[in-house]
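Student: I'd like to ask you about the structure that follows.
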Amino acid sequence: MGAVQRLRYFVQVMKRISLALGLLGLAISCAVATDATTAPTASDASGAASRGDASVALRVEAGKSAFLDAQRCALCHSHSPRARAMTTLGGDDVSPHGTWSATMMANSFRDPYWRAQMAHEVEVEPHKKAEIEGLCLRCHAPTESHQARLDRRPPPTIEDALLSPLAQDGVSCTVCHQAQPTNLGTPASFSGQLDIRDEQRIFGPYANPSTGPMRMHTGYTPEQGAHISSSALCATCHTLYKPVEGKERPFLEQAPYLEWRNSVFSDEGARTDESRGCVECHMPDEGSMRIARNPGGRDFNIAIRDNVRSHAMIGGNAFMTDLLRKHRDELQVTASDAALERVASATRAQLAHSTARIDVRNVQRENGRLQFELAVENLTGHKLPSGYPSRRAWLSVEVRAGGTTLFESGVVDTEGRISGVADELALPHFDVVTSPEQVIVYEMVAVDRHGEPTVSLAEMVEHRKDTRLLPRGWRSDGPHADETAPVGTQGDDDFSGGGDVVTYALALPEGTSGELLIIARMLYQTIPPAWADGLRDSRTQEAQDFLRMYDGMEKLPETLATAAMVVPAQ
C-alpha cells in the first residue's frame with residue numbers, strides 16, 4: 009500500500025469512528041425527538057458538548073474546528089423513508105445531503121483531473137508549490153484552507169489536506185452556510201476568499217428557523233441570511249484570478265459571475281422579468297416541504313417551506329460525474345451509483361434543453377453553390393462555455409444528398425478529436441466557412457510568456473482567443489467588459505451579446521441537382537483531448553492515474569442543440 013493509499017485509509021477509518029461516536033451520542037439524546045418545540049437548546053458549543061452531544065464534543069476535541077463534516081448535517085438533512093420531509097410528491101429524495109453528495113461540489117477534493125492538473129503544475133514549477141496548492145485548496149478543500157486561516161497557520165498543502173477528514177467533503181455544508189455577507193460581490197471575496205468566522209452561525213434562506221434541534225446536535229445556531237441565495241456567494245470560487253510573475257495584472261482564469269453581471273440576467277440592480285440568479289438555474293425548485301427531519305428518521309413539527317431548492321448544483325460536467333461513478337471505489341466517492349447517475353442525467357438534460365439554440369436560415373442555392381446561415385443563441389446567463397477554461401463548444405455541420413455526404417465539418421473521432429484539424433489549439437475564429445477544416449469552435453485559448461498556446465494554468469499569461477458566446481445583454485460598456493470582452497472576433501459584426509451568426513458558403517459537386525438536407529449540431533466537451541495530452545509527459549502519480557481513467561472513458565461529446573432544413577431540388 010502506497011503512502012497516498014495509507015493516508016486515504018487512515019482518513020476513512022477516522023471518519024467512521026467519528027460517525028459512530030456521533031450516532032451513539034445522538035441515539036442516547038435525541039433519537040425519539042419528534043417536535044422541534046420540545047428539543048433542548050444550548051447557548052454555545054461547550055454547553056452542547058457538556059450534555060453529551062458527540063458531534064460537538066468531537067469538534068471541540070479536534071481543536072475547535074469551525075466546521076463539521078457533511079455526515080453530521082445528514083443526521084437531519086437527509087432522506088428517511090419514515091418521514092415526508094425533503095421528499096417530493098413523486099417520492100423523490102431531494103434532501104440537501106442526498107442531492108449534494110453526488111455533485112462536483114461534494115467531490116471537488118476527489119476530482120482526479122484537478123488533482124492531476126495541480127500535481128503537474130507543481131511538477132513544472134516546484135518552487136511555487138505553496139502558492140499553487142494554497143490557491144487551489146481554497147476552493148477544492150475549503151474547510152482545511154479556512155481553518156488554517158482561522159488558526160493563523162500558513163495555507164495548507166496537499167499533504168495537510170490528505171490528512172484532514174473534513175477536506176474529503178469538498179465544498180460542504182458548513183462552508184457555504186457559514187459565509188458572511190460582508191465582502192460578497194467584491195474583489196476581496198474572489199478566488200475563494202470567503203469571509204468565514206468561527207461564530208457557529210449557520211445562514212439559510214428562510215425566516216424564523218427553529219433553532220433548538222441544530223443547536224442541540226451541532227452547536228450551530230441557524231438564522232436567516234438572504235445572501236445565501238445570492239450569486240455573489242457563488243462568485244467567490246467561480247471568479248478566479250491567477251497571479252502572473254512579472255505582471256501587475258493577474259490572469260483571469262474563470263469569470264462566470266463577471267460575465268453574468270454584464271447580462272440581462274443580473275439581478276443585482278433592479279430585478280426584471282429576465283433576471284435569473286445562479287440558484288434559479290443551477291438549484292432546481294422542488295416545491296414545498298419540510299427541510300429537516302429528526303435523527304430518529306421521523307418528521308419534526310416544523311414549518312413547511314416554499315420553493316425549496318435542490319442541492320444538486322446542476323452544471324455542465326456530466327463527463328466527470330460518469331468518471332467518478334466508474335471509479336467510485338478507487339476515488340472513495342461516497343455517493344451511490346444511482347445518485348451519480350441522477351446528477352449526470354440532470355446535467356445532460358440541462359445541457360440539451362436550456363443551454364443553446366441553433367437555427368438554419370437564409371438558404372440560397374444557385375449555380376452549383378449552397379449558402380446558408382447558422383444562427384447560434386446562448387441561453388445561459390454567462391458565456392458559453394464558461395467556468396474552467398478547458399471547456400469548448402463547436403458547430404458540426406453536414407450536408408447530404410440522399411445517403412451521400414457532400415460536406416462535413418466538426419465531426420469527432422472515437423477519441424473526441426475534431427477530424428481534419430491538425431492543431432486544435434491553433435484554430436482561429438471564422439465568420440464565413442468555405443471548407444471542412446474551418447470549424448467554428450467557441451473556446452478560450454491562452455498563451456504562455458513565449459506566446460505559445462498552453463493548457464498549463466501555471467503558464468497562462470493572457471488570452472489569445474476567447475470566442476465563447478457572450479450572454480444576452482452583454483455590452484462593451486457594461487460591467488467588467490474590459491475583462492470579459494471576446495478576443496479574436498474582430499471583423500465579425502454579428503458576434504454579439506447573446507449569440508453568433510455563421511455563414512456557410514459551399515461549392516456543390518458538379519451535377520448535384522436533387523433535394524439536400526442540412527443537419528447542424530452544437531457539440532460540447534469539458535475535457536478535450538488536447539487538455540488531457542498536456543498531462544502525458546507528467547511523471548506524477550496523479551497525472552498517470554487520471555489519464556488511465558480518462559483513456560478508458562467514452563469520448564462522445566454532449567449535444568447542446570440541433571437543427572435541420574430540407575433544401576428543395578433544382
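First residue of the sequence shown: 9, per this note's numbering; consecutive thereafter. Glycine included, C-beta positions come from ideal geometry on N, C-alpha and C.
Taking the C-alpha atoms as reference points, what is the distance between Val252 and Ala263?
Tutor: Counting from 1 along the sequence shown, the entry for residue 252 is found at position 244. Counting from 1 along the sequence shown, the entry for residue 263 is found at position 255. Taking the straight line joining both Cα atoms gives about 17 Å.
Student: Can you name, in chain order, every residue of its own chain whose Cβ lies under 8 Å from the Cβ of Val183, other than the five neighbours on each side?
Tutor: For the purposes of this step, residue 183 is identified with residue 175 of the sequence shown, where counting begins at 1. In chain order, Phe75, Pro150, Thr151, His154, Leu202, Ile204 place their CB closer than 8 Å to the CB of Val183, counting only its own chain and leaving out the 5 sequence neighbours on each side.
Student: Alpha carbon to alpha carbon, how far is Tyr396 from Gln372? Give it in angstroms, no decimals.
Tutor: Here residue 372 is taken as the residue at index 364 of the sequence shown, counted from 1. Here residue 396 is taken as the residue at index 388 of the sequence shown, counted from 1. Cα-Cα distance, rounded: 39 Å.
Student: I need the boundaries of the beta strand (DSSP E) containing Asp367, first residue and last residue.
Tutor: Residue numbering aside, residue 367 sits at position 359 when the sequence shown is read from its first letter. Its beta strand (DSSP E) spans residues 364-374.
Student: Based on the DSSP secondary-structure assignment, which residues constitute the bridge partners of Thr570?
Tutor: Here residue 570 refers to the residue found at position 562 of the sequence shown. Thr570 pairs with Arg529.
Student: For Leu3 and Arg529, I'd like the C-alpha separation in whole angstroms.
Tutor: No answer is possible for residue 3: the residues shown for the chain start at 9 and end at 578.
Student: Identify every run of the alpha helix (DSSP H) within the region 535-564, keeping only runs that are complete inside it and at least 4 residues long; order them along the chain.
Tutor: 537-541, 549-559
Student: Give me the Cα-Cα distance between Pro461 and Leu543, rounded to the nearest whole angstrom.
Tutor: Within the sequence shown, the letter at position 453 stands for residue 461. Within the sequence shown, the letter at position 535 stands for residue 543. Note on geometry: alpha-carbon atoms of Pro461 and Leu543 lie some 15 Å from one another.
Student: Considering only DSSP beta bridges, list what Tyr512 is partnered with.
Tutor: On the sequence shown, position 504 is the one that residue 512 refers to. Paired residues: Phe380, Val441.
Student: Going by beta-carbon coordinates alone, are Leu378 and Ala538 separated by less than 7 Å?
Tutor: Against the sequence shown, residue 378 aligns to sequence position 370. Against the sequence shown, residue 538 aligns to sequence position 530. No, the Cβ-Cβ distance between Leu378 and Ala538 is not below 7 Å.
Student: I need the straight-line Cα distance from Ala571 to Asn315, nearest angstrom please.
Tutor: By 1-based counting over the sequence shown, the position of residue 571 is 563. By 1-based counting over the sequence shown, the position of residue 315 is 307. Taking the straight line from one Cα to the other gives about 35 Å.
Student: Are the CB atoms of Ser271 and Trp482 nearer to each other than 7 Å?
Tutor: Within the sequence shown, residue 271 is the residue found at index 263, counting from 1. Within the sequence shown, residue 482 is the residue found at index 474, counting from 1. Closer than 7 Å, so yes.
Student: Would you check if there are 3 or more beta carbon pairs closer than 8 Å linking the region 203-220 to the region 175-192?
Tutor: yes
Student: Could you give the residue range of the beta strand (DSSP E) that holds Pro230?
Tutor: As a first step, residue 230 is located in the sequence shown; it is residue number 222 there, counting from the start. 229-232 is the span of the beta strand (DSSP E), which, as asked, contains Pro230.
Student: Spatial neighbours of Pro104 within its chain, please: C-beta separation below 6 Å, excluding the five flanking residues on both sides.
Tutor: Along the sequence shown, read from residue 1 onward, the residue named residue 104 stands at position 96. So the qualifying residues of the chain are His85, His319.
Student: Per DSSP, Arg301 forms a beta bridge with which residues?
Tutor: Your numbering for residue 301 matches position 293 in the sequence shown. Answer by DSSP bridge pairing, in chain order: Asp307.
Student: For Met113, which residues in the same chain have their Cβ closer than 7 Å to its Cβ, ignoring the five residues on either side in sequence?
Tutor: In the sequence shown, the residue the question calls residue 113 occupies position 105. Excluding positions up to five away in sequence, the list reads Gly178, Val179, Met321.
Student: Since Leu248 sits in a beta bridge, which residues does DSSP pair it with?
Tutor: As a working mapping, residue 248 is identified with position 240 in the sequence shown. Per DSSP, Gln262.
Student: Considering only residues of the region 102-181, which uninterrupted alpha helix (DSSP H) runs meet the minimum length of 4 residues and lie entirely inside it, listed in chain order?
Tutor: 104-108, 120-132, 137-148, 150-158, 166-170
Student: Taking 7 Å as the threshold (C-beta atoms), are Glu294 and Val102 in contact?
Tutor: Indexing the sequence shown from 1 puts residue 102 at position 94. Indexing the sequence shown from 1 puts residue 294 at position 286. Result yes, Cβ atoms of Val102 and Glu294 sit closer than 7 Å.
Student: How about the region 85-98 and the region 521-528: do they share at least three Cβ pairs that are nearer than 8 Å?
Tutor: no
Student: Helix, strand or coil, according to DSSP, for Ala347 in the structure here?
Tutor: Counting from one through the sequence shown, the residue named residue 347 turns up at place 339. Of the three classes helix, strand and coil, the one that applies to Ala347 here is helix, per DSSP.
Student: Within the same chain, show all residues whose beta-carbon is closer than 8 Å to that of Ser116, passing over the 5 residues directly before and after it, in chain order.
Tutor: The residue given as residue 116 occupies position 108 in the sequence shown. Hits under 8 Å: Trp122, Cys147, His148, Ala149, Gly178, Val179.
Student: Give me the Cβ distance between Gly305 and Ser88, rounded to the nearest whole Å; I'm assuming they're in contact under 8 Å.
Tutor: Looking up residue 305 in the sequence shown gives position 297. Looking up residue 88 in the sequence shown gives position 80. Correct: roughly 4 Å between the Cβ atoms.
Student: At what residues does the beta strand (DSSP E) containing Val220 begin and finish?
Tutor: The sequence position of residue 220 within the sequence shown is 212, counting from 1. One detail in the question is off: residue 220 reads as Gly in this sequence, not Val. Here Gly220 belongs to no beta strand (DSSP E); instead the alpha helix (DSSP H) covers 220-226.
Student: Going by beta carbon distance, what residues of the same chain come within less than 8 Å of Ser517, once the five residues before and after it are set aside?
Tutor: Within the sequence shown, numbered from 1, the residue matching residue 517 stands at position 509. Looking at the sequence itself, residue 517 is Pro, so the reference to Ser does not match. Contacts found: Leu414.
Student: Here's the rule: buried if 16 or more other CB atoms are within 10 angstroms of the residue's CB, otherwise exposed. What is Lys473?
Tutor: Residue numbering aside, residue 473 sits at position 465 when the sequence shown is read from its first letter. Its Cβ being crowded by 16 or more others within 10 Å, Lys473 is buried.
Student: How long is the line joining the alpha carbons of Gln188 and Ser199, rounded to whole angstroms?
Tutor: Along the sequence shown, read from residue 1 onward, the residue named residue 188 stands at position 180. Along the sequence shown, read from residue 1 onward, the residue named residue 199 stands at position 191. Approximately 16 Å, taken between the alpha carbons.
Student: Determine the direct distance from the alpha carbon of Tyr532 to that of Thr567, and round the result to whole angstroms.
Tutor: Position 559 of the sequence shown, counting from 1, holds the residue named residue 567. Position 524 of the sequence shown, counting from 1, holds the residue named residue 532. So the alpha carbons of these two residues sit roughly 6 Å apart.
Student: Please name the residue or residues paired with Ile448 in a DSSP beta bridge.
Tutor: Walking along the sequence shown from the start, residue 448 turns up at place 440. The partner list for Ile448 (beta bridge, DSSP) is empty, contrary to what the question assumes.
Student: Taking the straight line between their C-alpha atoms, what separation do you get for Arg408 and Glu445?
Tutor: Here the question's residue 408 lines up with position 400 in the sequence shown. Here the question's residue 445 lines up with position 437 in the sequence shown. Whole-angstrom Cα-Cα distance: 18 Å.
Student: Could you tell me the distance, in whole angstroms, from the CA atom of Tyr249 to the CA atom of Thr422?
Tutor: Position 241 of the sequence shown, counting from 1, holds the residue named residue 249. Position 414 of the sequence shown, counting from 1, holds the residue named residue 422. Their Cα atoms are separated by approximately 34 Å.
Student: Which stretch, first to last residue, makes up the alpha helix (DSSP H) that contains Leu435?
Tutor: The residue you call residue 435 lines up with position 427 of the sequence shown. Counting along the chain, Leu435 falls outside any alpha helix (DSSP H), and DSSP gives it neither H nor E.
Student: With a CB to CB cut of under 8 Å and the five nearest residues on each side skipped, what residues in its chain are close to Gly424?
Tutor: Position 416 of the sequence shown, counted from the start, is the residue given in the question as residue 424. Cβ neighbours of Gly424 beyond the five flanking positions: Gln533, Pro536, Pro537, Lys563, Leu564, Pro565.
Student: Any idea what DSSP makes of Val453, helix, strand or coil?
Tutor: Counting from one through the sequence shown, the residue named residue 453 turns up at place 445. Assigned with DSSP and collapsed to three states, Val453 falls in strand.
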